[in-house]
Structure formats: C-alpha cells, structure tokens
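Here the structure comes first, spelled out in structure tokens, and everything after it is commentary.
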Amino acid sequence: MASKDADVPAEDIVATAKSERDKRRGPFARIALFLRQVVNELSKVVTPTRRELLTYTGVVLVFVVIVMGIVSGLDFLFGFGVAYVFGDGPIATPGQ
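For the sequence shown, the working numbering begins at 57 and goes up steadily by one.
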C-alpha cells in the first residue's frame with residue numbers, strides 16, 4: 057500500500073514556491089522571463105535528419121489517406137441512409 061508521505065511536498069519546495077510567489081515581478085520582467093524560457097526550450101530542439109524527416113512525412117501522409125478513406129466511407133454510408141430514410145429511395149439518381 058502506498059504511504060501518505062509521497063503526497064506531501066518537501067519543505068524546501070514549499071518554501072521556494074512561497075518565496076517566488078511573494079516576489080511580485082513587473083510586466084517587463086515577466087516578459088523577459090518568458091522569452092528566456094522560450095530560448096532555453098528552443099535550444100533543446102533537435103533537427104531531424106533527412107531520412108527521419110522523409111520517414112515522418114511518409115507516416116503522416118499514409119495516416120491522412122487512411123483517415124480520408126474512413127471519412128469518405130462514412131459520408132457515403134450516411135448519405136445513402138439519409139436518402140433512403142427521406143424518400144429518395146436506396147439510390148438517388150439524377151432526374152427523379
């Protein structure tokens with residue numbers, strides 16, 4: 057059974073969070089902090105190799121084609137059902 061100690065945050069974490077909350081930063085300081093964090097996160101991004109990029113592109117295209125087929129099939133079935141229910145008969149033909 058899990059102990060209840062895992063649910064209680066450490067005292068130093070609570071103290072740090074409270075002290076950071078007490079420091080009211082101005083709007084420009086918050087913008088600067090945000091931009092520093094964005095640059096820091098962007099520095100972690102790894103550019104894929106050409107082979108990886110082609111693989112990812114192929115996977116996405118195959119998935120999109122499969123989903124298009126599913127949606128088209130459902131559209132046809134629902135259209136067929138609506139035409140049948142509302143009186144155009146099982147197959148709606150032009151000129152009727």
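Every residue, glycine too, gets a C-beta built ideally from N, C-alpha and C.
Please state whether DSSP places residue i in a helix, a strand or coil.
i    : result
D131 : helix
F142 : coil
Whole beta strand (DSSP E) runs in the stretch 83 to 117 with 3 or more residues, listed along the chain? none
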